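Top to bottom, those sequences are chains A and B. The numbering of the first sequence is the numbering used here, which starts it at 127 and goes up by one. The numbering of the second sequence is the numbering used here, which starts it at 127 and goes up by one. Backbone N, C-alpha and C define an ideal beta-carbon position, used for all residues, glycine too. These numbers come from a predicted model, not from an experiment. One structure is given below, encoded as structure tokens.
2 protein chains.
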Amino acid sequence: MQLSRRQALIGATAAAALPLIKSEAAHAEAPAATRQAASFYRYKVGDVVVTAVSDGAATFPIPDNFVINASKDQVNTALEKAFRPKDKVTIAFGPLVLNVGGKVVVVDTGSGAGAYAKSKGAIGQFGVNAAAAGFDLSKVDTVVISHFHSDHVDGLLTADDKPAFPNAEILVPAVEWKFFMDDGEMSRAPAGRMQAVFKDNRRVFDALGRKVTPYEWGKDVAPGLLAVETIGHTPGHTSFVLSSGNDKVFIQSDVTNNPDLFARNPGWHVFYDQIPDVAEATRRKIYDMLVAERLKVQGYHYPFPGVGNIEKDGAGYRVVPAAWNPSI
Amino acid sequence: MQLSRRQALIGATAAAALPLIKSEAAHAEAPAATRQAASFYRYKVGDVVVTAVSDGAATFPIPDNFVINASKDQVNTALEKAFRPKDKVTIAFGPLVLNVGGKVVVVDTGSGAGAYAKSKGAIGQFGVNAAAAGFDLSKVDTVVISHFHSDHVDGLLTADDKPAFPNAEILVPAVEWKFFMDDGEMSRAPAGRMQAVFKDNRRVFDALGRKVTPYEWGKDVAPGLLAVETIGHTPGHTSFVLSSGNDKVFIQSDVTNNPDLFARNPGWHVFYDQIPDVAEATRRKIYDMLVAERLKVQGYHYPFPGVGNIEKDGAGYRVVPAAWNPSI
């Protein structure tokens, strides 16, 4: 249809009972609509208020070896099947804030304010979105870290490397802490990305004076927030079960990265999985459990707001997003 | 796990390299987290900025005859399959605001400020969420109505029955206008809900002095916004194709109601479909087209933000939600 609006209205007028076309002069100036909504979303798990606070998303051409056991063509086929654009990958980042038992608990921190400036706001949005959601990071009681990759720990620091949560206790997986802060492990790690992970953890935790509280699996790290071993992605990778009353949600951390690729294809090994076979075994075990128990799941790398359920889909799984609740 | 947080931390401490548990006294007061995010979401279609602005959602026990040709048990089975709660239905409402060609165009208006007060904010949220998105309703140039049900037209008025868009041209489907404003049609309509629809339209449009511009199908009602006949839900029910550059989105209005029920089961006739067989034929034709063309679709009754793609799913269809983009 290439008819002009005037032609369209003339046509409409001919068919109309009471055509009263307003004067063009009355039309007012259009306001700008250039900023995305502050991407936070609240839902309740029993008495706990969960706020999913987006840290943004990164989009980049599919790197070589992004999936170490699948070709770029296979990745493109999976993207097409999920109605995502071809030849590029988008990874979303989703820290959480929990209001639980009178405390404010943050689960993972995003890439931090330094990355926000560097990426021109694409990532490192957590601070901005948390503020929009009414949270003051200086009043956070507890920060729980799932594992030691930069998109989870770098947000512990401000852009000038000061503590971003100055009054919070920082809880880290004991196994992860032991592995990544061990100088022997660092000396044996391959050059390149693995060395960078070790160095980044020293940068972050040294800036905090290494004042952290390592936690163990099988124990609550906050009221109703149970730490669960889900290793493979890293040696100390941790998920959580948040329970309150009869309700619960499984916080999967990085059991899968982008679910269009790695829930649909649980046998695919993302470049970031440190122990790929163990990560895959964990993924299959956890996703089978999520299906069998019909357990709600929150995914760090799911598209915002990142909460849904899992169903079997052929040889893999599919995330069924929860329906957005416009009230709480 | 019923271990206390203290026990958990003692356990963690035992395994820890550098356990430094912060004093409980340092923990600050938790801020409240009681309000949902203002539910608006922006995306681009070519040069056009689309802002999906939630009008809220209504949740109610499954009414008798909600699906006139399926039982409550069948509805519950569909809800369970979609991981939604049983025994109740949630219907979301999603007007749009388009920034197109220097103009601000609103597509459908929600249930209005009167309903907002009456429902304690559950529905009628459009005004509040549009304001949060930076829109001033007095600066809206054009309002396009898809059909004449109250959840689409009542937002044309303020809570005290004044024009909610005082400077906008109001475009209505010519066939819908002719049908619902015809006193003969009204006199022949069944008592109950159908009479109420006729009366509501007189209330709304009389308050506007019947100053509307009827439009015809097959013509643009705003730059790049083509009106498409999709009758059956009502006699003049209209969808839209928004096109800009190489990009487009199909604005389906009420071709399906809640997609977990009526996209999955296109043969089901929702109580609100006025000419059920015609509505079903339209639904199947449009959804087959959306699948064949892989065309992006925006649904008024899809969960917010209501944009996605359609895939075949057995004998029905399934909405694959678009991935939320935390930037624009």
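- If you check each beta-carbon in the region 199-218 of chain A against every beta-carbon of chain B, the ones closer than 8 Å belong to 208, 209, 210, 216 and 218.
- In the structure shown, residue 211 of chain B falls within a coil segment according to DSSP collapsed to helix, strand and coil.
- Assignment of alpha helix (DSSP H) within the region 382-423 of chain B, counting only whole runs of 4 or more residues, yields 385-388 and 402-419 in chain order.
- Contacts with chain B (Cβ-Cβ distance below 8 Å) from the region 163-178 of chain A involve 163, 164, 165, 166, 167, 168, 175 and 177, listed in chain order.
- Counting only the Cα atoms, residue 436 of chain B lies some 6 Å from residue 417 of chain B.
- The Cβ neighbour count for residue 313 of chain B, taken over all protein chains shown within 10 Å, is under 16; the residue is labelled exposed.
- Bridge pairing for residue 225 of chain A: A:175 and A:230 [DSSP].
- The beta carbon of residue 205 of chain B sits closer than 6 Å to the beta carbons of 212 from its chain, once the five residues preceding and following it are set aside; these are given in chain order.
- Counting other Cβ atoms within 10 Å of its Cβ, residue 452 of chain B reaches 16 or more and is therefore classed as buried.
- The beta carbon of residue 344 of chain B is closer than 8 Å to those of 352, 353, 354 and 355 in its chain, skipping five residues each way along the sequence.
- Between residue 383 of chain B and residue 398 of chain B, the C-beta gap is smaller than 8 Å, which places the two residues in contact.
- Membership of residue 311 of chain B in any beta strand (DSSP E) is not indicated; the residue belongs instead to the alpha helix (DSSP H) covering 309-314.
- Cβ neighbours of residue 301 of chain A within its own chain (closer than 7 Å, five residues either side excluded): 361 and 362.
- With the rule of 3 Cβ pairs closer than 8 Å, the region 177-184 of chain A counts as touching the region 212-221 of chain A.
- Collapsing the DSSP output to three states places residue 368 of chain A in a strand.
- Residue 262 of chain A and residue 269 of chain A have their C-alpha atoms some 13 Å from each other.
- Residue 342 of chain A sits buried, since 16 or more C-beta atoms from the chains shown fall within 10 Å of its C-beta.
- Against chain B, a Cβ distance below 8 Å from residue 446 of chain A picks out 208 and 209.
- Secondary structure remark: continuous beta strand (DSSP E) runs of at least 3 residues inside the region 246-307 of chain A, in chain order: 268-270 and 295-299.
- Residue 322 of chain B: member of the alpha helix (DSSP H) spanning 319-333, first to last residue.
- Taking C-beta atoms under 8 Å as the contact rule, residue 375 of chain A and residue 388 of chain A fail to qualify, at a distance of about 20 Å.
- Using a Cβ distance threshold of 8 Å, residue 285 of chain A and residue 243 of chain A count as a contacting pair.
- Taking all protein chains in view, the Cβ of residue 234 of chain A is crowded by 16 or more other Cβ atoms within 10 Å, so the residue is classified as buried.
- Rounded to the nearest whole angstrom, the C-alpha separation of residue 400 of chain A and residue 359 of chain A is 5 Å.
- For residue 161 of chain B, at least one C-beta of chain A is nearer than 8 Å to its own C-beta.
- Of the other Cβ atoms in all chains shown, 16 or more fall within 10 Å of the Cβ of residue 364 of chain B; this residue is therefore buried.
- In terms of Cβ geometry, residue 169 of chain A and residue 179 of chain A do not form a close pair [threshold 8 Å].
- Shortest Cα-Cα distance from residue 171 of chain B to any of B:381, B:370, B:427 and B:393 involves B:370.
- For the C-beta of residue 435 of chain B, the chain A residues within less than 7 Å are, from N- to C-terminus, 209.
- A Cβ of chain A is located within less than 8 Å of the beta carbon of residue 430 of chain B.
- In this structure, the beta-carbon distance from residue 265 of chain A to residue 348 of chain A does not fall below 8 Å.
- Residue A:160 holds the alpha-carbon nearest to the alpha-carbon of residue 259 of chain B among A:240, A:160 and A:381.
- In the assembly as shown, residue 307 of chain A is a buried residue. Its beta-carbon has 16 or more other beta-carbons within 10 Å.
- In the DSSP secondary-structure assignment, residue 435 of chain B is bridged to B:446.
- With at least 16 other beta carbons inside 10 angstroms of its own, residue 295 of chain B counts as buried.
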